[in-house]
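All you need for our numbering is the position in the sequence shown, starting with 1, plus 386. Beta carbons: idealized from backbone N, C-alpha and C, even for Gly. Please read all numbers here as calculations on a predicted model, not as lab measurements. One structure below.
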Amino acid sequence: LGPDLVARYRIVQNDSADEGSQVCIGRSSFGHELWVNREYLQAEVKILTGFIEPHFFAGFSGGGKAVLPGMAGERTVFGNHDAGMIADERATWGITHGNPIWEEAREAALLTGPDLLLNVTLNSDKEITGVFAGELTHAHDAGIDFVRDSSMVAVDRPFDIVITTNSGWPLDMNLYQAVKGMSAAEQIVRQGGSIIIAAECSEGIPEHGLYGQLLGDAADPADLANKVLTAHETRQDQWQAQIQARIQQRADVYVYADGLSDSQIEGALVLPCRDIPALVERLLQRYGTGARIAILPEGPQTIPWLKASNIPGPTNA
């Protein structure tokens, strides 16, 4: 915000764990109670801000995500991110229609009566490429159309090997965040293929949150998926572990990370890599010299999708 704004205005940070600061505004059509920050609800003017990009389970960021999860209570966020919602095949990059996570976020936001949406789009240099302002539904839809055209690329056939990143600092600060890059690669890797992701992971797994614990408690990706899907309650970060498990049941995942030891990488149920060219040579022996290889240099910043899949282009979202 900058020192000038902080000095002139009272700044309120939503604490999703503080139930006393939240008000229940009802129940969504997906059955979840909607707990929202009281001060936001009492504001005379409500302006939602954010930026729009493809999102690996909410379809696109921006729009209603300013309220859910932005202004929501933890119990509402956990409902929106529960195992059943994440498991829906339409809860993925670029899908809005029929995506329960995206639809619930928009529903929750509209129930709070926002006066204005102000969203932007950014390029790889974090420069503003578009401004979308106005009524929430129309402004966000316009921004989504722009991003779908500019940040999603169709491919005809899946690849044997997909090499990706998590688009550098700060997005590759830990393995938790790097799941997004894995997920981008998942969209175009074939069943039984291999994903190689380069992510610095300077902050490790990380230590905070439950992501590392969830991985450590599982014997393998199938066991991890089963534990999440059969749990009686939603736990923090389980959505990231669930998506990682799904990816690994499709393809082998190799992680090149200076910030993680081989034992840490293996403990996270993925495969360590210290030499990407050497690994590619080894994989070519498995898949053959005619293997199809894709490279996603910016990882989750540009999302590929298979024309034959449910991942949408501009016309079938």
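Around the beta carbon of alanine 605, fewer than 16 other beta carbons lie within 10 angstroms, which makes this residue exposed. Around leucine 657, the same chain offers Asp638, Val639, Tyr640, Val641, Ile651 as residues with beta carbons nearer than 8 Å, after the five sequence neighbours per side are excluded. Of all C-beta pairs linking the region 497-514 to the region 423-441, three or more are shorter than 8 Å, placing the two stretches in contact. Inclusion of isoleucine 433 and leucine 502 in the CB contact set at 8 Å is warranted, their separation being smaller than that value. A contact is defined here as three or more CB-CB pairs under 8 Å, and the region 602-622 fails this definition with respect to the region 539-547. In the structure shown, the three-state DSSP call for valine 392 is helix. The alpha helix (DSSP H) runs lying completely inside the region 597-639 and spanning 4 residues or more are 597-602, 607-616, 624-634, given in chain order.
Between phenylalanine 532 and alanine 525, the C-beta gap is not smaller than 8 Å, which leaves the two residues out of contact. Counting only residues of its own chain and dropping the five nearest sequence neighbours on each side, cysteine 587 has a CB closer than 6 Å to the CB of Asn560, Leu561, Ala643, Gly645, Leu646. In the structure shown, isoleucine 433 adopts extended strand secondary structure according to DSSP, grouped into three states.
Secondary structure note for leucine 646: it is in no beta strand (DSSP E), with a DSSP letter that is neither H nor E.
Bounds of any beta strand (DSSP E) do not take in tryptophan 488; it lies within the alpha helix (DSSP H) bounded by 486-497.
The alpha carbon of proline 686 has as its nearest neighbour, out of Gln626, Ser537, Gly470, Gly602, the alpha carbon of Ser537. Counting along the chain, no beta strand (DSSP E) covers glutamine 687, and no H or E run does either. If you look at methionine 457, you'll find it isn't in any alpha helix (DSSP H); DSSP assigns it neither H nor E. Within the region 533-577, the beta strand (DSSP E) runs of at least 3 residues that lie entirely inside it are, in chain order, 538-541, 545-551.
By the Cβ rule, the region 545-552 counts as touching the region 665-680, because three or more pairs are nearer than 8 Å. Put simply, the backbone Cα of alanine 694 is about 24 Å away from that of glycine 674.
For glutamate 419, the enclosing beta strand (DSSP E) has its first and last residue at 419-423. Assigned with DSSP and collapsed to three states, valine 506 falls in strand. Rounded to the nearest whole angstrom, the C-alpha separation of glutamate 425 and proline 455 is 15 Å.
Secondary structure note for arginine 413: its beta strand (DSSP E) is the uninterrupted segment 408-413. Counting the other CB atoms within 10 Å of its CB gives tryptophan 488 a total of 16 or more, which places it among the buried residues. DSSP places leucine 669 in the uninterrupted alpha helix (DSSP H) bounded by 662-673.
Looking at the DSSP output, serine 580 sits in a beta bridge with Ile547, Asp638. Residue environment analysis places glutamine 563 among the buried positions, since at least 16 neighbouring C-beta atoms fall within 10 angstroms of its C-beta.
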